[in-house]
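Notes to accompany the following structure.
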Amino acid sequence: MGYADFAGEFVIPAGVVAARPWLVCDGPNDATDLAVNWRRIRVEDITSERAAKDYADAASTSYTNANIAKGQAEGFASAASGSANTAGLRAGDAATSASAASGSAATATAKASEAATSATLSARYANGSSNRVTSDFAAGKSGWNIAGNAIHRQQWNANNADFQFANENYFGILGLDKNGDHYTDVYSSWAACNGGEWWQASAWLASRECVTFVYLQYADANATYLSDSNQSPSMYNNPRGWSNLENFSRVFVKQQTPANARYVRLVWRKGGWINNGTPDLSWAFMMRPMLAPATADQTDPSPYVPRGGGDGLKDASARIEEVSTVAATANTAVAQIKSTLQVDVNGASARLNTVEQVAAVAFDRTTGARWSKEAISPAGRAQLTVYSLDQNGTPQAGVDIIGDLSVRGDIFVDGTVYTSKIAPNAATQVWYTSRSDVIQYPTGIISTLSTGFAKYAGSESVVQYDVQVPLFGTDAVKINAWLDVWQGGTLIQNRGIRMEVDGNNETYLPFVYQHCFFNLPAGNYEARFSIERTSGHNCSTNGLYHMIVREFKR
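Letter by letter, the sequence shown follows residues 87 to 640 in the working numbering.
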């Protein structure tokens, strides 16, 4: 069997986009027929078919693209939903911030409603000198005191070493014990100051076998210690040349007073021995001390101005300080005025503090008012006087106090106390006893009613006795009755009366007896009330009779 080439040539007509060629042949006729006879080539125009397929493919692609776009759209929709949730959270945050801003605005409004005003008026007299301490020591140690951190022996006085300056005096401290780090402070009287002021302390110092320096000390309005300032440079002289003023050096310290300081003073310190020398060598000396106001930019001490220690040379100051405060919030409202009046003369002071306050609280609908006076006079009793004056300044009858008055402490009255009534609890103590005696009394027979009592208040109180006896008797009955006070078997005081019943047969007489004993010392006592028929017919008590003992404070 052989093969033969089969070929043909055809031309595609115009307008045909796609064509399909066909080979036309005859045979095979059966399974045994192996011959194939090629007849021709046929060309089929499939432009329309191909266009339809392309359209189908394009539609499928568009469908796929549509599915992809749908998925993207769903993704975008989910992202949009998340963004919406985030936007909701942001909106909530914004609302919270707006609420916080509103609260802050309310707080700001409340703070804006608080207001306070203050005013201070002060005057001083310092003898034409800025120095506030006695510095010439002409009166010895007057105006100065000594203190230390341990008990040890020392000698402190004016001009107490083996030298003297012409027209000058000095303080000397000699340490007599080998006291190590133990120190001694000598301090001046307090000088009045205000918080936030600048003050300076200076002095000429010399020393041997110790260090020495000065510093400031502060106290509050009650003269209670607050704090110390920095110390001045220390002075230490090794050679012994104290009698020469050139061996004294001026030291200086300056500081601003604390806000609550009302007093300042100068303190001079002698330190402990340095080399444990012999007792005659551990010396510290001070002269020309100066305590005075300063300025913030001051770097050197002010020129020294002496101040004498005579009685006529005193510092004096007066101060009035008033602070008014009001505050209002959503729940509370407060209004307060606090004033202080203070005078100082050479360290001695007197002060009067007044507080006037009203307050209200919303949640429990409560209000309160307070008025207080605090008088401080360290040198003696404070005097608080309330009285009324007429138009000429003459004191009148007095002052009326309406309402209850509560007093903590004892009351001493230089005059008479009048009262329209005494409350039941005004009695310090009460004792009671009773008896029913129906026995008829022959002459000379005594019936006694007694009770024990303890008098606690001392001689300033009064003991009052009340006895009630219902008597039943006949004509011309004579009765003796008396009240005794006994202590330990000894009769202390007694009072007696005589009574005559002159009536009809079976006369009933309610017998009432009252008496007060004064000046009984504190102690344990027994009260006895006795009845005796001295003449006449029989008589008896018609039922219960009793005795009450009361102690009242005068």
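The beta carbon of each residue, even a glycine, is placed where N, CA and C say it ideally should be.
Residue j beta carbon less than 9 Å from that of residue i
i: Q443; j: R437; result: no
i: V553; j: V499; result: no
i: K424; j: T411; result: yes
i: E612; j: V555; result: no
i: N566; j: T620; result: yes
i: T133; j: A104; result: yes
i: N243; j: A224; result: no
i: F539; j: E637; result: yes
i: W359; j: A292; result: no
i: T537; j: W517; result: yes
i: N217; j: L331; result: no
i: H273; j: N316; result: Sequence inspection shows Tyr at residue 273; the His mentioned does not correspond to that position. Not in contact: Y273 and N316 (Cβ atoms no closer than 9 Å).
i: W276; j: S435; result: yes
i: G258; j: E295; result: no
i: R393; j: V219; result: yes
i: V98; j: L109; result: Checking the sequence shown, residue 98 turns out to be Ile, not Val. Their beta carbons are not under 9 Å apart, which means I98 does not touch L109 by this criterion.
i: A446; j: A413; result: no
i: M633; j: S520; result: yes
Helix, strand or coil at residue i according to DSSP, with G and I counted as helix
i: R136; result: helix
i: E637; result: strand
i: L331; result: helix
i: Q250; result: coil
i: Q158; result: helix
i: Y631; result: strand
i: Y311; result: strand
i: D143; result: helix
i: S288; result: strand
i: F604; result: coil
i: K227; result: coil
i: G495; result: coil
i: G396; result: Confidence at G396 is low in this model, with a pLDDT of 42, below 50, so its placement is unreliable and no value can be given for it.
i: Q477; result: coil
i: S275; result: coil
i: D570; result: strand
i: A670; result: In the structure displayed, the chain extends from 87 to 640; residue 670 sits before or after that span and is not available.
i: I127; result: strand
i: L262; result: coil
i: Q384; result: coil
i: W359; result: coil
i: R619; result: strand
i: A304; result: It should be pointed out that residue 304 corresponds to Tyr in this sequence rather than to Ala. Strand.
i: R294; result: strand
i: G575; result: coil
i: T453; result: strand
i: T270; result: strand
i: V97; result: coil
i: A205; result: strand
Rounded separation between residue i and residue j - CA only
i: R374; j: L207; result: 32 Å
i: D397; j: K340; result: With a pLDDT of 41 at D397, under the threshold of 50, the modelled position of that residue is not reliable, and the figure given next carries that caveat. Those two C-alpha atoms are separated by around 29 Å.
i: F299; j: C279; result: 22 Å
i: I488; j: A347; result: 40 Å
i: E135; j: R106; result: 11 Å
i: F251; j: T381; result: 32 Å
i: Y269; j: I462; result: 33 Å
i: L577; j: Y631; result: 24 Å
i: R456; j: G501; result: 30 Å
i: Q573; j: Q600; result: 20 Å
i: G575; j: V441; result: 57 Å
i: D386; j: Q241; result: 32 Å
i: S335; j: Q342; result: 24 Å
i: S403; j: D222; result: 22 Å
i: D490; j: I497; result: 15 Å
i: R405; j: N308; result: 14 Å
i: C602; j: N610; result: 17 Å
i: V337; j: P379; result: 16 Å
i: F604; j: K541; result: 11 Å
i: T471; j: K564; result: 57 Å
i: G589; j: I617; result: The pLDDT assigned to G589 is 49, lower than 50, so where the model puts this residue is not dependable; a value taken from the coordinates is nonetheless given after this. Spanning the two alpha carbons is a distance of roughly 19 Å.
i: D314; j: D476; result: 51 Å
i: G641; j: N333; result: With the chain represented from 87 up to 640, any question about residue 641 goes unanswered, as that position is not in the structure.
i: V409; j: D430; result: 21 Å
i: A198; j: S492; result: Low local confidence applies: a pLDDT of 48 at A198 is under 50, so the model's placement there is unreliable, with the coordinate-based value given in what follows. Approximately 39 Å between the Cα atoms of the pair.
beta-carbon residue i near the ligand GTP non-hydrogen atom, thresh 8 Å
i: A345; result: This structure lacks the ligand GTP; in fact it carries no ligand of any kind.
>> Extract the residue ranges of the beta strand (DSSP E) inside the region 400-446, only unbroken runs of 3 or more that lie entirely within it.
In response: 402-414 and 418-431
>> Contact between the region 315-322 and the region 247-254 is defined here as three or more beta-carbon pairs at a separation below 8 Å; is this criterion met?
In response: no
>> Three or more C-beta pairs under 8 Å: does that hold for the region 277-294 against the region 343-354?
In response: yes
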